[in-house]
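Protein chains in written order, with my numbering: chain A, 1 to 697; chain B, 1001 to 1593. For each residue, glycine too, the CB sits at the ideal point set by N, CA and C. Being a predicted model, the structure only gives us computed values, none of them experimental.
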Amino acid sequence: MNAITEPASVYPSHAGPPRRLSLADATILRRAARDAFAKLHPLKMAANPVMFVVEVGASLLTVLLARGWWLGLAGNGFTFQIALWLWFTVLFANFAEAMAEARGKAQADSLRKTKSETMAKKLAGDRTESVPSSSLRAGDVVMCAAGDIIPGDGEVVEGIATVDESVITGESAPVIRESGGDRSAVTGGTKVLSDEIRIRITSNPGETFLDRMIALVEGAQRQKTPNEIALNILIAGLTLIFLLAVATLPPFAAFSVRAAGAGQVPSVVVLSALLVCLIPTTIGGLLSAIGIAGMDRVMQHNVLAMSGKAVEAAGDVNTLLLDKTGTITLGNRQAVEFLPAPGVTEAELADAAQLSSLADETPEGRSIVVLAKERCGLRGRELPDAAHFIPFSAYTRMSGVDMGRRRLRKGATEAVAEFVRQEGGTVPEDAIEVSRGISRGGGTPLVVADGPRLLGTVHLKDIVKGGMKERLAQLRAMGIRSVMITGDNPLTAAAIAQEAGVDDFLAQATPKDKLDYIRQEQAAGRLVAMTGDGTNDAPALAQADVGVAMNSGTMAAKEAGNMVDLDSNPTKLLEVVGIGKQLLMTRGALTTFSIANDVAKYFAIIPAMFAVIYPALRHLNIMRLATPQSAVLSAVIFNALIIIALIPLALRGVHYRPSSAAALLRRNLLIYGVGGLIVPFPGIWIIDVVVRALHWA
Amino acid sequence: MTFNGVAQIVIFFLIVLALAKPVGIFLSRVFNGHRTFLHRPLRWLEALCYRVGGVDPEQEQRWTQYAISLLAFSAVSFLFVYAIQRLQGFLPLNPQHFGGKQVSPDLAFNTAISFVTNTNWQSYAGETTLSYFVQMAALTVQNFVSAAAGVAMSVALIRGFARRESKTIGNFWADLTRATVYVFLPLSLLGALFLCSQGVIQTLRPNLPVRTVQGATQVIPGGPVASQEAIKMAGTNGGGFFNANSAHPFENPTPLTNYLEMLFIFVIPAGLAYMFGREVGDTRQGWALFAAMSALFLAGAFFCYHFEQRGNPLLARMGIATQATASQPGGNMEGKEVRFGITDSALFATVTTDASCGAVNSMHDSFTPLGGMVPLVNMLTGEVIFGGVGAGLKGMLLFAILAVFIAGLMVGRTPEYVGKKIEQKEVKLAMVALIAAAASILVFTALSSVLRFPAHGYWNPPGPAAANVANPGPHGFSEILYAYASTTGNNGSAFAGLNTNTPWYNLTLGLAMFIGRFIFLLPLLGIAGSLAAKKRLAVTSGTFPTHGPLFVCLLIGTVILVAALTFFPALSLGPIAEHYLLFSRHALAAVKP
């Protein structure tokens, strides 16, 4: 394959830092605080069984409190404090969810502002008529000239134009959109900067990309992901078990009171407090916030995930299909060496190569000019007016320049060899051998000829992106195989694969090869992620478990994938995988922490409840909490405050460094499992000290 | 603790360890229908069973069909055992002329459920209630088939993990037959012969009146004991021929038979753990389960042994020597047989409740509070420590699923266990099983703690349900809790001290056994079906490793944490309160040195 057959990379550079909204943004905090109260509505709470139980408990105590005040009963102060902290527990959890949503909502608002109503120039027969963009339907054809806002999603059917897509991507550099090929898709709301294009509209109002994007960031269509549902079942089940454990306590206590002849059955207030402390409120309160925040983190990387399920699946991925060009290597090859044929000097070869490349605007051509300057001190120069540039074509597989009688050509080995023979020259066997050697080494040989004279070969080389090898090694540590997809021949592919450190490669890959490879991996029980942009990528994108479509790609590709990368940066796949993993890890970590916490709470509340029956049970009060009331109150306060304390962790995700599952588990189990066992002991003790100092109990 | 005691426990464990692999391989071959050395002598019997039952052993069943077969089999067995008990007066082999008077409907109901569910809870004393025919045709037969059904369910669950994209999980009838013919029959036959050689009786003669040395007349009950004894242990049934169970010299005459009986309890469950690893294609997975079971077993055995050997502080204060010496065992010998001593009693108590056996060779009621808490906690954890034939592995896999689900997330992937994704359905079914068991124990115990029945009424003649306990205070509460833990766990051992032969207890304990067997285990069959249908995921370094020490610790932690969180309040009012009371300054002050 010839260097010049591959089009120059169309991927724009990374769009700088992604748009970020700070966690502690004042408007977000205000909005979240307001929403936390709105979420108290019982119907909304019922979706979250754990927090619903807390709300029921809080309401029950509130009623008891009202009754107590009305009847002038004793112990209202304690009831008031427990009720208050139970309400705080619910509010804190709501606040966490609202915080997670608030960022998305703020982003949606700013997107909505850009979704201005525009007039579209709709084609009706030969004339254009001006209609509001909201009246456009799929299939309509519109004209857009420089300065026009594109009225809806569509495909360029005629013309070429530069378009400002910063509304969607945040990237201010204009992109080229043209009819046919893989750069024909345009998005409603973006702006034509130059030239004029005809666009066939492909979506109906309300279903456009911008609409979907708003809905996604706002979380309007948020559905619980499978894993989230499973976790919900688990914590709901645990809640039920704790409900049983607490509900059977009064009979147990009644038996013991009779047996001991002392003490009393714990009050509803204490039992409610115990129940709330035991049920996994920490994870129950933060679960949805974690999910929303995970989606949001993907969004902040300028990737639009069509569902939370896709983000979750990203964490499970075993195999990454990475396009060589643009992902593993820089988008283009570079000349690294001149290899003159026998009897030719390097300078002579460099001179001819440079002349033939001066008018060649491809990156490869430019790199030859640069190399000629570096190696032989040849400066760039103007071609004489008489010179005639011969561009590359897939048929000739050569490019070059004609200057008077001089006919310079460079191109694929066979093509140039044929040219030399036609010109009456001979092709030295050595030169052919040099070409083969370059191919074997993963490079691309570019043979240069001056009429019948074969001057030698230019060695073009793929340049592996800096740091790529390390990232792929990290992936391997996490158990993720990387597979390089390339159109190169197997020899070249193998050499680059080795240099970049990928685990496998798919050479001379056709779209069908990709699809087959994905199916084969899936049949072996692996989950596959890939990126793609062309229409012919669509089947593979749809088949892959995680398909990231480039925003620069075709509509078909974007429809087929379950994520769209607005920056069109294929390397982003690695980050998405990380976010998916982090999301799942955060859930697991907080669940473990939440359950492990219960041990300390038992040691706070059990002696508080039962020491009146069997005074010997005061030995279980290993935290030496002051009074039964202060013990119960401290446990409840700890339980509420831990939710607030963990909101940043839930929103940001647990710390994550790529490493093997065993290492991750060891670390997280130590921090969140063992830590979760230990932390509440000093925590509750400190709160008890404060509670006593403030004379709350 | 003495060197002798520690050595006995360690040697016992080492024998179990040595047996796990060969037994596991044998079981794996049997249930895959492969040839074993027993094929030649016993294949005809297996074939005969299929021909008589009209079963095609190659006919694979979906999990629902498998479950229905199990339920149908259990239902028929239940009716059969119930009827035979009630009709024992009209049936042969009844030298003591027992009739319907000895077996009330509620007792027959309780006993029928008890033996069909492999629990062998006994609200009756065998020698004064049931004819030889009932013991042999109803109870001993159930000892075989209920155990075989238990193994079958475990094998089905193992297949769920081992198979990929399969709709079926084996054939219940084939599994039942193979377990009976190739596993329990030969094992019991050899066991019974050995027990006879040690002095266990096997007779159909009526009770023997003898004149004692002091001139009094004593009636010595007899019966076909050896044949029931072997399967009682190997099938982790635990229902003794005599009321005293394995403490009775005709059931368990020597320390050697005692050791053998304990080994019989553990040998099949240990083999099943190995078989699991072998079937899923990675024996390390089986060894990991085995390691978790072993750690919990050894911890329980030594904890129990420690507190029993330490004895009662009040006795020590009274000046009674509680130190072990060459000539006396020391410690707490109340309710223990002298021929077994403290170590073998503590070890037996741990083993019988680790597994859902329920045979006893000492009175758990007489253990020290914390020593007696070990059997109780063993049952509250769901008897996953080796467990009954099959039931333990199933329970342990349930905890493995939960452990993997929570901790698996922490490695950043959808949780998976031996290549199977753990998703909504598995979590849901696992929680159903867990909630059912917790609800049964907690709710029935709560009801029996406070329900008041009229004295001399039908439901509970002694009056309030709590009146049936022999001991006041926390110990009485432990007795009730123990009864429901034992029946829900299908263990069948009794703490004693609680009179359960009343309609209220017979009914609720029967329900607890039903829940413990079917509501707990059917979801696991559902899990088997769901897992069998799944793809097997490839193992990579990103896969949560479930074969290392880390996972073993995690699994142990999950087992303990789930049991502790569910039952800590109840335990604190029972054995824990009793322990602190016993060791309190107040109690000690009341005793004169």
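Min CB distance residue i to chain A below 8 Å
i	result
B/P1474	yes
B/F1477	yes
B/R1317	no
B/T1540	yes
B/F1399	no
B/K1535	yes
B/A1466	yes
Bounding residues of the alpha helix (DSSP H) (the contiguous stretch that carries residue i)
i	result
A/D516	P511 to A523
A/M299	T281 to Q300
B/G1372	P1369 to L1380
A/R436	E429 to R440
Supposed contact pair residue j and residue i - C-beta distance, whole angstroms, cut 8 Å
i	j	result
A/R252	B/A1570	Sequence inspection shows Phe at residue 252 of chain A; the Arg mentioned does not correspond to that position. The Cβ separation is near 6 Å, so the contact holds.
B/G1510	B/N1120	Contact flag wrong, Cβ pair sits at about 13 Å.
A/A61	A/A47	The question names Ala, but residue 61 of chain A in the sequence shown is Leu. Contact doesn't hold; Cβ gap of about 23 Å is too wide.
B/F1302	B/I1009	7 Å
A/A305	A/N562	7 Å
Contact set for residue i: own chain, Cβ-Cβ below 8 Å, skip 5 residues either direction
i	result
A/I637	W85, I687 and V691
B/L1263	F1012, I1015, V1016 and L1019
A/S439	P445, N489, L491 and T492
Close beta carbons around residue i, own chain, < 6 Å, minus the five adjacent residues each side
i	result
A/Q354	V369, A372 and L378
A/G263	V257, V612 and I613
A/A32	F95, A98, M99 and A102
A/K324	M484 and T486
A/A635	C277, K601, A604, I605 and I684
B/H1547	R1284, Q1285 and A1288
B/T1566	A1438
A/G284	V50, M51 and I235
7 Å Cβ shell around residue i - same chain, five flanking residues per side excluded
i	result
B/V1225	V1200, I1201, Q1202, F1241, F1250 and E1251
B/A1587	L1314 and L1581
B/M1379	T1353, A1485, S1486, G1489 and N1491
A/A693	none
Helix, strand or coil at residue i according to DSSP, with G and I counted as helix
i	result
B/E1578	helix
A/M609	helix
B/Y1417	strand
A/R103	helix
B/H1586	helix
A/V401	strand
B/P1598	In the structure displayed, chain B extends from 1001 to 1593; residue 1598 of chain B sits before or after that span and is not available.
B/H1364	helix
B/A1470	coil
B/H1097	coil
Limits of the unbroken beta strand (DSSP E) element including residue i
i	result
A/C144	V141 to C144
A/G411	R406 to G411
A/R31	Run containing A/R31: none in the beta strand (DSSP E); it sits in the alpha helix (DSSP H), A26 to A38.
A/S482	R481 to I485
A/T128	R127 to P132
A/T162	I160 to D164
Beta carbon proximity, residue i to chain B, threshold 8 Å
i	result
A/F252	yes
A/A589	yes
A/Y614	yes
A/P226	yes
A/G237	yes
A/E218	no
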